[in-house]
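Chains as they are written, first to last, in the working numbering: chain A, 1 to 115; chain B, 1 to 111. Ideal Cβ placement from N, Cα and C applies to all residues, glycine included. This report concerns only the one structure given below.
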Amino acid sequence: NAGVTQTPKFRVLKTGQSMTLLCAQDMNHEYMYWYRQDPGMGLRLIHYSVGEGTTAKGEVPDGYNVSRLKKQNFLLGLESAAPSQTSVYFCASSYSSGRYNQPQHFGDGTRLSIL
Amino acid sequence: GNSVTQMEGPVTLSEEAFLTINCTYTATGYPSLFWYVQYPGEGLQLLLKATKADDKGSNKGFEATYRKETTSFHLEKGSVQVSDSAVYFCALETSGSRLTFGEGTQLTVNP
């Protein structure tokens with residue numbers, strides 16, 4: 001029962017490098033989300049997807065791109081990493097609205113440092 | 001826009017003490033309200049939720065009541081344990097399954 005799995009768990013990049021964070025869920029959830037967590041700021045939504053082949057911008061989308069080619073996977077890309085993107089990144093998934101007893105399930109996070 | 005404000009942390013308590021973490025919100029429409037908990041090195045887990053005014057969510061001894069008149073959803077527990085040490089996030093959802101989180105409150109419980 002893996003739930004939401006994020007890869008990698010830790011990564012250090014140099015400014016200007018690119019990378020992709022992978023999120024995989026095995027719960028057949030329609031909705032998937034990428035958040036970043038910074039001290040004193042809670043979690044902020046970067047991008048989200050309401051189904052395979054769809055993506056939408058969240059609160060802080062600049063500098064990131066996403067893709068949802070398969071229902072179970074949601075990729076977060078940094079094309080040219082900047083120190084301001086140093087953060088802990090969380091992926092989450094859900095069936096649909098939390099109103100109907102379907103909460104978001106979170107992965108354990110990816111700690112990313114940009115030097 | 002939507003926003004959630006939590007009491008500033010960190011909060012440090014002795015075991016068996018009473019816990020209150022304040023949460024107030026601003027939202028359009030009729031939001032659902034949540035408390036999530038994050039244990040060290042882990043992702044967030046849903047602790048409890050309430051979907052309409054006057055609902056009380058409860059789980060693992062924690063409770064929170066949806067107060068529309070004061071736009072609040074304060075988290076309470078009568079007797080905390082060392083294992084409750086974690087970061088607690090208040091959150092709201094209006095439409096589209098998008099959550100708005102508070103900044104989080106670090107709780108440390110000492111034996």
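{"Check": "Going along the chain, which residues of the stretch 79-109 of chain B sit with their C-beta nearer than 7 Å to a C-beta in chain A?", "Outcome": "F89, E93, S97, R98, L99, F101, G102, E103 and G104"}
{"Check": "Give the single residue among P10/B, W35/B and L107/B whose Cα lies nearest to the Cα of F73/B.", "Outcome": "W35/B"}
{"Check": "State the start and end residues of the unbroken beta strand (DSSP E) segment that holds N110/B.", "Outcome": "T105 to N110"}
{"Check": "Apart from the five residues on each side of it in sequence, which residues of its chain come closer than 8 Å, Cβ to Cβ, to G102/B?", "Outcome": "V4, T5, Q6, C23, F89, C90 and A91"}
{"Check": "So, S93/A versus S97/B, is the Cβ gap smaller than 8 Å?", "Outcome": "no"}
{"Check": "Name the one or two DSSP bridge partners that L75/A has.", "Outcome": "L22/A and S67/A"}
{"Check": "From the beta carbon of D108/A, is the nearest beta carbon of chain B less than 8 Å away?", "Outcome": "yes"}
{"Check": "With three or more C-beta pairs closer than 8 Å as the rule, is the stretch 42-62 of chain A touching the stretch 68-82 of chain B?", "Outcome": "no"}
{"Check": "Using a Cβ-Cβ distance cut-off of 8 Å, determine whether E63/B contacts chain A.", "Outcome": "no"}
{"Check": "Report yes or no: do three or more beta-carbon pairs, one from the stretch 43-53 of chain A and one from the stretch 17-24 of chain A, lie closer than 8 Å?", "Outcome": "no"}
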